[in-house]
Amino acid sequence: MGTTIEDQRLDALFTALSDRTRRDIVARLSAGEATVKELAERYEMSMQAVSQHIGVLERSGLVSRGRHRQTRPCRLEPAALTVAVSWIEQSRRTWSARMDRLETRLDDLQQGEGR
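Be aware that the sequence shown starts at 14, since it is given in the numbering used here, and climbs by one per residue.
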């Protein structure tokens, strides 16, 4: 089974979101653009470390950087989450159907014992 581009996108998204700091940066950017300096103020780490986190988010497609005068504000790219949401929803439907079949089978077995 080969790796598809969608698989690679999912891997990058889930890798990016696997870190608490990066999830917090995504949550902060959901409220609006911010510079690396503004984002770094929230953490007890260097601006370089925050920049590295932002780089991971950029590579996953979750964050982009614009240009505004002398700054490069970071912005959330929520459309990048579409592939992850689709995968999660498909997995939820699959497991829900499996659980429904299991429940039906268990009900059938219990009714068979009561006879």
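We treat Cβ as the ideally placed atom computed from N, Cα and C, and that holds for glycine. Bear in mind the structure is a predicted one, so any value in this text is a computation, not a measurement.
Asked: Rounded C-alpha distance that separates A97 from K50; Found: 29 Å
Asked: Cβ separation of L52 and R41, assumed to be a contact under 8 Å, to the nearest whole Å; Found: 7 Å
Asked: For S44, the three-state DSSP class (helix, strand or coil); Found: It is worth fixing the name first, because residue 44 is Ala in this sequence and not Ser. Coil, per DSSP.
Asked: DSSP beta-bridge partners of R88; Found: S77
Asked: Cβ-Cβ distance between L26 and S73 below 7 Å; Found: yes
Asked: Inter-residue spacing [alpha-carbon to alpha-carbon] between L115 and D24; Found: 30 Å
Asked: Per-residue DSSP class, three states only, for D32; Found: coil
Asked: Burial state of L75, where buried means 16 or more other Cβ atoms lie within 10 Å; Found: buried
Asked: CB contact flag (L89, S43, <7 Å); Found: yes
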